[in-house]
Amino acid sequence: MRRESDVSRREFAALAGTLGASALSGCIGGDDGAGETALNSTSTTSTDATTSDAPTTETAASSELLDAIEREAVSFELTASAENLDAVANRLAESAIVGIGEASHGVSEFKSIPRLLVRRLVSDHSYRLIAMEGTLGEFAPVNAYVTEGEGDLESALSALEFHFWGSDQVREMLAWLRAFNEGRPRDDRVAVRGYDAQFYDVNARALRTYLERVDPDFLTEIADSLEPLTTRSHGSASAYMTDSQVALIEDLRTRLETKESEYVEQGSESAVELAQRHVWTLEQGLRFMEKFAAEEFPAGKEIRDEAMADNVAWLREWTGADRAVVMGSANHTMGNAAPASKPGTRMGQHLADEFSSDYYSLGLLFGSGSFAVPANHAKTEFETFETGGLLDGTLESTLADAASSPLFLDFEAARERSVLDEWIAGASTIQVTTPSAPENGARPLPDPPGEVLDGLVFVRDVSAASFPYTE
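At position 106 of the sequence shown (counting the first as 1) the number is 106 in UniProt numbering, and the numbers step up by one without a gap.
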């Protein structure tokens, strides 16, 4: 993946389709229809792509290319005992931060693969932070279960904003982490935290809960300003970052600083630091909503992705976990082909620029099959759709002809073979699905995978995920 100091293999124009990329991931705006709004505002680039049920003369993979893929790729089974997964984990563990991004939130195999990799990265390579796409603070009940055995895991999962964590595989991963932590010293336990910033109400509620415990008098003073923020609203741009909200943020920041020693005595230094981070993330969420309400979608995505990267870096320091796994949408974990100074810089690009080779972006990619999307606003019912034919110009259209699946391919190693280097450089898009238009199946995300990923796991035939742990 391109780093800030890297010289790109080819020059790519800055993508005018940044907004389209955000919409295709289906993550921007959460459950308020923002993704669909953004999708309807994009160009028709994503709908003009061609698909193919079988390779054409131009896209048919040569035997030489397929042979090179088979020689370089690591094939494995989706079982806990799959030996070849150790080799995959060993490669990923060369970087302190591993981003695992799924090209579809509705694929069952994309819930199993991280579960298997996390087990190895935690037990064999000392990864001690699992950072998951979800607002900072939202995973507190999940973390309490994983680290202390407190509460009910199913209830904690069902309360999460994003439905795509409500799968059996994610539950199994968290239950395994709980078992791993049992009896271990506190500083050697695996923490599970959210890193997102878009839902300001989560941070407002976290601050209210904290102040109820350490400074109820101050909470009473600011109640008229803080309380409205504990419930998410959908107003115009003028409803966000108002003078009252800006003043509240400054008051919170000042109070936490001046009363820090008193708050530490009532709790801990770590709790004060988390509250201070909630203030910072609250501000980022309001800034995001201001841009979103103004339909300045690329600017909103820029705020969100930069805040997510900052939160990942902060969580590493706060938890003391040098090695971390970052899970979420591939549209956030991967980098950018355009220079990082351009609008629309993804979280993964921010992390790559800050941590260089200590950040590895792994994309979970699919060939054909089915995926699930919410069928109602509450996301308690789901529908299954087909991905359709393979999209031309993608690595997936070639990988579908490979003998092995699932398979892992590391781009740095693959580029040592000229035939693979040329093949990777020639791919211009990635297949993704979007809940905004699931009937269209696989859609093209206009990013060259060799520029935005460090490696991939490819599953030829995927199946729809199920989400039993959603409210």
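Note that CB positions come from ideal geometry on N, CA and C, so glycine has one too.
Report all residues from its chain with a CB closer than 6 Å to the CB of residue i; omit the five preceding and five following residues, and keep chain order.
i	result
S236	A293
R205	T230
T384	S370, A372, A464
D410	R91, G455
A108	It should be noted that the sequence gives Ser, not Ala, for residue 108. S463, A465.
Q169	K111, S112, R115
E64	V419
F458	L365, L399, L407
V74	N84, A87, V88, F408
G151	P141, A144, Y145
residue 472	No answer is possible for residue 472: it lies beyond the span of the chain, which begins at 1 and ends at 471.
E451	R2, A337
Where do the ends of the alpha helix (DSSP H) carrying residue i lie?
i	result
F308	The sequence given here places Met at residue 308; Phe does not occur at that position. Taken as a continuous stretch (DSSP letters only), the alpha helix (DSSP H) holding M308 covers 297-319.
T281	269-293
E214	Per the sequence shown, residue 214 should be read as Val rather than Glu. Start and end: 200-214.
A330	330-333
M347	347-355
S64	Note on residue identity: the sequence assigns Glu, not Ser, to residue 64. 63-72 is the extent of the alpha helix (DSSP H) around E64.
A87	84-92
D243	243-258
Name the two residues that bound the continuous beta strand (DSSP E) containing residue i.
i	result
Y359	359-374
Sorted by chain position, which residues of the same chain lie with C-beta nearer than 7 Å to residue i's C-beta, five sequence neighbours on each side aside?
i	result
F218	L211, R255
R208	L219, L226, T230
A201	Note on residue identity: the sequence assigns Asp, not Ala, to residue 201. So the list reads L229, T230, T231, R232, once near-sequence residues are dropped.
F382	A372, V373, P374, A375, F467
E172	R115
A275	L207, Y210, L256
S158	G166, Y469, T470, E471
E386	S370, G441
R415	D421, I424
A403	E70
L121	A89, L92, A93, V98, Y127, V325
V118	I130, M173, V325
residue 486	The chain is shown from 1 up to 471; residue 486 falls before or after that span and cannot be answered.
E439	F385
L248	I222, S225, L226
L286	Y200, Y240, M241, Q245
Per DSSP, which residues does residue i bridge with? Please list them.
i	result
R193	A131
residue 472	Outside the shown range of the chain, which is 1 to 471, sits residue 472, and nothing can be said about it.
S75	L407
F467	Bridge partners of F467: none, in fact.
A324	I97, L129
F218	None; F218 has no bridge partner.
Measuring only between beta-carbons, confirm whether residue i sits less than 8 Å from chain B.
i	result
L407	Any reference to chain B falls outside this structure, which holds one protein chain only.
Let me check you understand the geometry: is the CB of residue i closer than 7 Å to at least one non-hydrogen atom of the ligand GTP?
i	result
V74	Inclusion of the ligand GTP in the displayed structure is not the case, the ligand content being empty and no account of it being possible.
Using a Cβ-Cβ cut-off of 8 Å (strictly less than) and excluding sequence neighbours within five positions of residue i, which residues of its own chain qualify?
i	result
P216	none
D461	G367, S368, G369, S405
E154	R171, Y469
V272	L256, E260, Y263, V264
Would you check if there are 3 or more beta carbon pairs closer than 8 Å linking the segment 414-424 to the segment 377-384?
-> no
Whole beta strand (DSSP E) elements within the segment 384-462, 3-residue minimum | DSSP runs (the beta strand (DSSP E)) wholly in the segment 384-462: 407-410, 430-432, 443-445, 455-462.
Say whether the segment 311-318 touches the segment 273-291, bearing in mind that this needs 3 or more beta-carbon pairs closer than 8 Å, one atom from each stretch.
-> yes
May I have a chain-ordered list of the alpha helix (DSSP H) segments no shorter than 4 residues that lie completely inside the segment 95-181?
-> 109-125, 140-148, 153-158, 168-181
Hey, is the segment 329-338 in contact with the segment 357-364, meaning 3+ C-beta pairs nearer than 8 Å?
-> yes
At least 3 beta-carbon pairs within less than 8 Å: the segment 439-446 vs the segment 346-361 = no
Taking one C-beta from the segment 131-142 and one from the segment 193-200 each time, how about it: are there three or more such pairs within less than 8 Å?
-> yes
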